[in-house]
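Start counting the sequence shown at 68; every next residue gets the next number (our numbering).
Quick reminder that beta carbons are idealized off the backbone N, C-alpha and C, glycines included.
For clarity, every value in this text was computed on a predicted model and none was experimentally measured.
Have a look at the structure below before the remarks.
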Amino acid sequence: MAQLYQHLLLLLSIFSVLCTALKFDIQAQPSGARPRCIRNFVAKDTLVVVTATVSGTKGDGQRVNIHIRDGLGNDYGRPKNVVGESRTAFTPHNDVAFDVCFENILEDEHAAFQEADMPAIGQHYGPLRSIELDVEIGADARDWNAIQAAEKLKPLEMELRRVEAIVGEVVNEMEYLRRREQKLRDTNESTNERVKWFAIAVMGTLVGVGSWQVMYLRSYFRSKHLI
Numbered sequence: 068m069a070q071l072y073q074h075l076l077l078l079l080s081i082f083s084v085l086c087t088a089l090k091f092d093i094q095a096q097p098s099g100a101r102p103r104c105i106r107n108f109v110a111k112d113t114l115v116v117v118t119a120t121v122s123g124t125k126g127d128g129q130r131v132n133i134h135i136r137d138g139l140g141n142d143y144g145r146p147k148n149v150v151g152e153s154r155t156a157f158t159p160h161n162d163v164a165f166d167v168c169f170e171n172i173l174e175d176e177h178a179a180f181q182e183a184d185m186p187a188i189g190q191h192y193g194p195l196r197s198i199e200l201d202v203e204i205g206a207d208a209r210d211w212n213a214i215q216a217a218e219k220l221k222p223l224e225m226e227l228r229r230v231e232a233i234v235g236e237v238v239n240e241m242e243y244l245r246r247r248e249q250k251l252r253d254t255n256e257s258t259n260e261r262v263k264w265f266a267i268a269v270m271g272t273l274v275g276v277g278s279w280q281v282m283y284l285r286s287y288f289r290s291k292h293l294i
């Protein structure tokens, strides 16, 4: 049992490498500046939890807004003036890529530009906010502590349930890739078939036009008594 538990922890540690958080700084700029976006892909009917931790305090001349949207135009959240932790959960109904966009609006521009130690980026000067972004998808987004408490599972049983969910997601992802590969293969075969018949039609047209030209020239030369 102890050896099984060690193997289980090793497997979970391997999967946890794929779920690291992203930390970056975003500079305060006047309203209307281009936001900074992070894109990810998610399969349909998959739970997604976006957790953003923003540094700073309210009233410091900066306002961080978050906008979560997908490539189909669906909005999943627009938290405004975020300070501290902000969590947004959603479940898309299509296989789609979604963006988590951040904008840091400089509210007190004159006061901020008077600071001597503000960093310079290009032609813009302004304060910064640090953002730590964590995007959990699928099994990683589920509250396993709540599931353990609700179903009265032992720690090992809970870990096994979690591994089962992760493996199920891997199987679904492989099935999605198989369907996508099959669709691309069908498209490729259909395109090759159309190109083949188009080439045959072009060759037939060229042969027909060439034969007509030979017959026309022969008739013309005969009418002129050249042959």
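*Within the same chain, show all residues whose beta-carbon is closer than 8 Å to that of I214, passing over the 5 residues directly before and after it, in chain order.*
Here residue 214 is taken as the residue at index 147 of the sequence shown, counted from 1. The residues are L220, M225 and R228.
*What whole-angstrom Cβ distance do A206 and I233 have, given they're in contact under 8 Å?*
Numbered from its first residue, the sequence shown carries residue 206 at position 139. Numbered from its first residue, the sequence shown carries residue 233 at position 166. Their Cβ separation, rounded to whole angstroms, is 5 Å, which keeps A206 and I233 in contact under 8 Å.
_Short of 8 Å in beta carbon distance, which residues of its chain neighbour L85, apart from the five on each side in sequence? Order them along the chain._
The count along the sequence shown starts at 1 and reaches residue 85 at position 18. In this prediction, L85 scores a pLDDT of 44, lower than 50, which makes its location untrustworthy; the coordinate-derived value is nonetheless stated afterwards. Excluding residues within five positions, none has a Cβ falling inside 8 Å.
*Could you check the C-alpha separation between Y72 and L223 for me, to the nearest Å?*
Taking the sequence shown and counting its residues from 1, one reaches residue 72 at position 5. Taking the sequence shown and counting its residues from 1, one reaches residue 223 at position 156. Bear in mind that the predicted position of Y72 carries a pLDDT of just 44, short of 50, making it too unreliable to give a figure here.
*Just the C-alpha distance for V131 and V115, rounded to the nearest angstrom, thanks.*
Taking the sequence shown and counting its residues from 1, the one referred to as residue 131 is at position 64. Taking the sequence shown and counting its residues from 1, the one referred to as residue 115 is at position 48. Cα to Cα, the separation comes out at about 21 Å.
_N-terminal and C-terminal residue of the alpha helix (DSSP H) that R246 is part of_ = Within the sequence shown, numbered from 1, the residue matching residue 246 stands at position 179. Run containing R246: P222 to S290, per the alpha helix (DSSP H) assignment.
_Cutoff 6 Å; reference G144; Cβ partners in own chain excluding five residues on either side_ = Locating residue 144 in the sequence shown gives position 77, counting from the first residue. Around G144, the same chain offers I135 and T155 as residues with beta carbons nearer than 6 Å, after the five sequence neighbours per side are excluded.
*asked:* Does A208 come out as helix, strand or coil in the three-state DSSP assignment?
replied: Counting from one through the sequence shown, the residue named residue 208 turns up at place 141. In the structure shown, A208 sits in a helix (DSSP, three-state: H, G or I).
_Distance between F157 and T124 (C-alpha atoms, nearest Å)_ = Locating residue 124 in the sequence shown gives position 57, counting from the first residue. Locating residue 157 in the sequence shown gives position 90, counting from the first residue. Roughly 27 Å between the two C-alpha positions.
*asked:* Quick check on this structure: which residue in Q129, P159 and I133 has the alpha carbon closest to the alpha carbon of E141?
replied: As a working mapping, residue 141 is identified with position 74 in the sequence shown. Note that residue 141 corresponds to Asn in the displayed sequence, not to Glu. It is P159.
*asked:* Using a Cβ-Cβ cutoff of less than 6 Å, which residues in the same chain neighbour S197 once the five nearest sequence positions on both sides are dropped?
replied: Taking the sequence shown and counting its residues from 1, the one referred to as residue 197 is at position 130. Taken in chain order, the residues that qualify are D92 and S122.
_Distance between C104 and V150 (C-alpha atoms, nearest Å)_ = Here residue 150 refers to the residue found at position 83 when the sequence shown is read from its first residue. Here residue 104 refers to the residue found at position 37 when the sequence shown is read from its first residue. Approximately 18 Å, taken between the alpha carbons.
*Which residue's Cα is closest to the Cα of T118: K263, E199, G99 and Y287?*
As a working note, residue 118 is residue 51 in the sequence shown. For T118, the nearest C-alpha among the options comes from E199.
*N107 and V230 look like a contact to me (Cβ under 8 Å); what is the Cβ gap, rounded to whole Å?*
Within the sequence shown, the letter at position 40 stands for residue 107. Within the sequence shown, the letter at position 163 stands for residue 230. Not quite, the Cβ-Cβ distance comes to about 23 Å (not below 8 Å), so this is no contact.
*Between the C-alpha atoms of I172 and L251, what's the straight-line distance to the nearest angstrom?*
Looking up residue 172 in the sequence shown gives position 105. Looking up residue 251 in the sequence shown gives position 184. In a straight line, the C-alpha of I172 is about 44 Å away from that of L251.
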